[in-house]
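Just so you know, the sequences run in chain order L and X.
Just so we're aligned: 19 in my numbering is position 19 of the first sequence, and the numbers increase by one with no gaps anywhere.
When you read off a place in the second sequence, starting at 1, and then add 1000, the result is the number in my numbering.
Protein chains: 2
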Amino acid sequence: MTAPGEAARRRPARRPTIKDIARRAGVSESAVSFALNDRPGVSDDTRARVRRVAEELGWQANSAARALSGERAGALGLVLARHARTLGVESFFLQLVSGIQEVLSARKVALLFQVVEDLDTECALYRRWWAERRVDGVLVVDPRTEDPRPELLATLGLPAVAIGGPAGPAPSDQEPDAARPPLLPTVWADDARAMARVLDHLHGLGHRRIVHVAGLPGLAHTARRIRSLRTEAALRGLTERQVRSVTTDYSDAEGAEATRRILDDARPPTAIIYDNDVMAVAGASVAAERGIPVPAALSIVAWDDSALCRVTHPRLTALVRDTPGFGRLAAQELLTVLDGGPPRTVQGELPHLEARESTGPCG
Amino acid sequence: MTAPGEAARRRPARRPTIKDIARRAGVSESAVSFALNDRPGVSDDTRARVRRVAEELGWQANSAARALSGERAGALGLVLARHARTLGVESFFLQLVSGIQEVLSARKVALLFQVVEDLDTECALYRRWWAERRVDGVLVVDPRTEDPRPELLATLGLPAVAIGGPAGPAPSDQEPDAARPPLLPTVWADDARAMARVLDHLHGLGHRRIVHVAGLPGLAHTARRIRSLRTEAALRGLTERQVRSVTTDYSDAEGAEATRRILDDARPPTAIIYDNDVMAVAGASVAAERGIPVPAALSIVAWDDSALCRVTHPRLTALVRDTPGFGRLAAQELLTVLDGGPPRTVQGELPHLEARESTGPCG
DNA sequence: TCCTCGTGCTGAACCGCATTAGTGCGGCTC
DNA sequence: GAGCCGCACTAATGCGGTTCAGCACGAGGA
């Protein structure tokens, strides 16, 4: 004698298989397979009947069986290599993931998401996933200037799409697919034009001394933004003494530290551009600490918007990107590649600058 | 004639199978299986030889094949049901996930992580994962007072562990496993004692009028914290007019809005406790807007620490939990259940209060 | 009328592993 | 020396799909 709850735990409902469907529909298992996969070989009548029975039984393909014969795991992978310290303060990744999944879940593709400590572990994970046939492809984030991943993925034959910029050596020119095609199909943002918008804004407000607090030096987009800043500054007649970049690890600690050093300068800048929201908030906090009024004496721009930028006082001017849209685009591209489509390099929507209270005329 | 890169894409390295190992080691496939799975049936000599060959070939079990015969998918699932609005500003989840994965990756178990819009979609996803045999079990977050999930998972026979508190109706007493055992094994935090610590701190500083800006009313831990606040307040001789809770959706917007209403009161409180970091920062920002000095005129406590609390000015006093540790604990429990262990309800480490500049003597 | 062809379906092989039922063999017992 | 047992291993089967070869049958063309 067992309680109903316990019984449920002991003898879970059996999952229906195509065999069950075949029996109930009075056809062979192959016919069922054809019917459910939209392949020719069955009449419309039979197809409809099989579909109905499958519906009734609540059948869903066993992903393992399908993976075993069909060579498709029905899953994609995403690895995030981050130190524990810089984890979780940025809104970027969850947003990205949510965009990715919008596309994937419509196609019943699962996402394996894993956070690891470093790049080596990330590579090891790709190898394991490949050997275990866990995933059909992966989305690669945080492309670097020196990046072992495109090479690795190519030799493994694991389809991949890079997010955020082409991995591999920085191209001499601004178009990533110009001279040397990127090793991985890529979904990227036009950082050059985005930077132009930021500079237009600041330059228009009269700012001439600007510092860019960038992120990790190894990342491809960091290099691209630094390069863009230099180019755009030159176009506006600003020298390298007036406009410069410093790099950090994206953490609030280094963002604050960099800000302190910058403000200690003999001739401190009148505007600072931060490469993420967390550092921008940290920087604003340092300014507040020192009694430097924002934006009267210092303007602040955050690259990437989030609730963070809106809860500080004053609210931060930010470069707004459609991050979920970015994720959708990337997922779409990877699925296209898996379906045999051409590996392409596509550009996400151009970010726009949301001017708030942290930027103002150069006092 | 194809370029080497293209060749690699066309003919990816073949993944070794136990058949390859068997051939090279000169034994049958079954012997290989025995050897690699630590089962009796092969001599130590053969076992070692097989292991060596497997190592050489870089063999890893095909997860699909193993799932198909072994009845184990080798993966767990975690679904996060959140509106896009409240997504990504909290550091809690990425930290939790990173803790979970520490345990899982050591056992070569993958994590399927999915963000969905609402509870119904979450339930549908469990059904699908179950039918597709994608996962061996799931971790359930955000337990609610009225929660359909324990029931659903029980009927599906999908093993699960709840994180953050027992799902299901609130127990009359503070111990969740007292009168009526929770439907799901649970890893939870002792919110009652944590709340006691917060009140100790505030009461000790002389605060008598305190408002608690809680999270979503449907969540089990929200109810628990509200109840705890009442209990602890009563123990200190505070009335319900002096100490009260209001609920929100955890977003910065509602956090700010609630703060405005609270401060508009005829007799506003001298201290506010926020149920997450984002709302605490938003609240601090509202205070700044109104020129209310923190902590001189208003003390602020954040339930859950993050970089956020450290980058504001003043830095926020926060209740610090070991969130990754919580994730590790939950993953461990679920694995134990999967291995046939008893479903238990365990408690995470007690959080401690990190006093910073946002709390001070009641002016 | 015979042959061909296309349609609609079935049977069987296969994917890579786990598992169970043998099998051969050496040693031990009586 | 016959019988038995345990060890180390092999052969066969199945998991739940997909896929391919083949088959029956009716229509259409020569």
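A virtual CB, placed ideally from N, CA and C, is assigned to each residue, including glycine.
As the structure is a prediction and not an experimental result, all values here were calculated from the model.
{"query": "Look at A1284 (chain X) and T1312 (chain X) and say whether their C-beta atoms are less than 8 Å apart.", "result": "yes"}
{"query": "Roughly how many whole angstroms lie between the Cα atoms of V1294 (chain X) and L219 (chain L)?", "result": "39 Å"}
{"query": "What does DSSP give as the partner residue(s) for E354 (chain L) in the beta ladder?", "result": "L:A318"}
{"query": "Straight-line CA distance for D1142 (chain X) to V187 (chain L)?", "result": "33 Å"}
{"query": "Is there a Cβ from chain X that is less than 8 Å from the Cβ of E132 (chain L)?", "result": "yes"}
{"query": "Between T1248 (chain X) and G1099 (chain X), is the Cβ-Cβ spacing less than 8 Å?", "result": "no"}
{"query": "So, are the CB atoms of R107 (chain L) and L335 (chain L) less than 8 Å apart?", "result": "yes"}
{"query": "With a threshold of 16 other CB atoms inside 10 Å of the CB of Q1114 (chain X), please say whether the residue is buried or exposed.", "result": "buried"}
{"query": "Along the chain, where does the beta strand (DSSP E) that runs through W1303 (chain X) open and close?", "result": "S1299 to W1303"}
{"query": "CA-CA distance, A73 (chain L) and Q1347 (chain X)?", "result": "37 Å"}
{"query": "State buried or exposed for R1039 (chain X), treating a residue as buried only when at least 16 other CB atoms are found within 10 Å of its CB.", "result": "exposed"}
{"query": "Measure the Cβ-Cβ separation of E1333 (chain X) and V1161 (chain X) and say whether it is below 8 Å.", "result": "yes"}
{"query": "Where does A1064 (chain X) fall in DSSP's three states?", "result": "helix"}
{"query": "Starting from the Cα of T77 (chain L), find the closest Cα among L:V213, L:V140 and L:T231 and give me that residue.", "result": "Just to set this straight, residue 77 (chain L) is Gly in the shown sequence, not Thr. With distances taken between Cα atoms, G77 (chain L) lies closest to L:V140."}
{"query": "Do you know whose CA, among L:H201, L:F92, L:V211 and L:L96, lies nearest R241 (chain L)'s CA?", "result": "L:V211"}
{"query": "Where does E971 (chain X) land, buried or exposed, given buried means 16+ other C-beta within 10 angstroms?", "result": "Outside the shown range of chain X, which is 1001 to 1363, sits residue 971 (chain X), and nothing can be said about it."}
{"query": "I want to verify the contact list: residues of chain L whose CB lies under 8 Å from the CB of E1289 (chain X), in sequence order.", "result": "H313"}
{"query": "Taking Cβ-Cβ distances shorter than 7 Å, what residues in chain X pair up with N62 (chain L)?", "result": "E1132 and R1133"}
{"query": "Beta carbon of I1273 (chain X), beta carbon of V1301 (chain X): below 8 Å?", "result": "yes"}
{"query": "Less than 8 Å between CB atoms is the rule here; does D252 (chain L) satisfy it with respect to chain X?", "result": "yes"}
{"query": "Taking I226 (chain L) as part of the alpha helix (DSSP H), name the residues at either end of that continuous run.", "result": "A220 to L235"}
{"query": "Which same chain residues, not among the five before or five after Q1174 (chain X), have their C-beta less than 7 Å away from its C-beta?", "result": "In this prediction, Q1174 (chain X) has a pLDDT of 47, which is less than 50 and means its spatial position is unreliable; nothing more can be read from the coordinates."}
{"query": "Since F113 (chain L) meets chain X, which of its residues come closer than 7 Å, beta carbon to beta carbon?", "result": "L1111 and F1113"}
{"query": "Which same chain residues, not among the five before or five after R1344 (chain X), have their C-beta less than 6 Å away from its C-beta?", "result": "P1185"}
{"query": "Check H1212 (chain X) in the structure and name its three-state DSSP category.", "result": "strand"}
{"query": "Identify whether D173 (chain L) lies in helix, strand or coil by the three-state DSSP scheme.", "result": "Summary for D173 (chain L): the model assigns pLDDT 46, below 50, so the residue's position carries little reliability, and this model does not support an answer."}
{"query": "Compare the Cα-Cα distances from L1353 (chain X) to each of X:W1059, X:W1303 and X:E1122 and report the closest residue.", "result": "X:W1303"}
{"query": "Using a cut-off of 8 Å between C-beta atoms, extract the partners of R1015 (chain X) located in chain L.", "result": "W130, A131 and R133"}
{"query": "Please name the residues in the stretch 1038-1060 of chain X whose beta-carbon is closer than 8 Å to at least one beta-carbon of chain L, in chain order.", "result": "G1058, W1059 and Q1060"}
{"query": "To the nearest angstrom, how far is the alpha carbon of R290 (chain L) from that of L298 (chain L)?", "result": "12 Å"}
{"query": "Rounding to the nearest angstrom, what Cα-Cα distance links R1402 (chain X) and Y1250 (chain X) in this structure?", "result": "The requested residue 1402 (chain X) does not occur in the structure, where chain X is confined to residues 1001 to 1363."}
{"query": "Apart from the five residues just before and just after W55 (chain L), which ones in its own chain have a Cβ nearer than 8 Å to its Cβ?", "result": "The sequence given here has Glu at residue 55 (chain L), not Trp. Here the set comprises nothing."}
{"query": "Does L68 (chain L) have its Cβ less than 8 Å from a Cβ in chain X?", "result": "yes"}
{"query": "Of the choices X:L1229, X:S1358, X:P1351 and X:A1214, whose alpha-carbon is the least far from that of A1423 (chain X)?", "result": "Since the first residue of chain X shown is 1001 and the last is 1363, residue 1423 (chain X) is not available in this structure."}
{"query": "Taking only beta-carbon positions, decide if P1181 (chain X) is within less than 8 Å of chain L.", "result": "Residue confidence is low: P1181 (chain X) scores 48 on pLDDT, short of 50, so the model does not pin down where it sits. No coordinate-derived value is stated."}
{"query": "Checking the sheet assignment: what are the DSSP bridge partners for Y274 (chain L)?", "result": "L:V213 and L:A302"}
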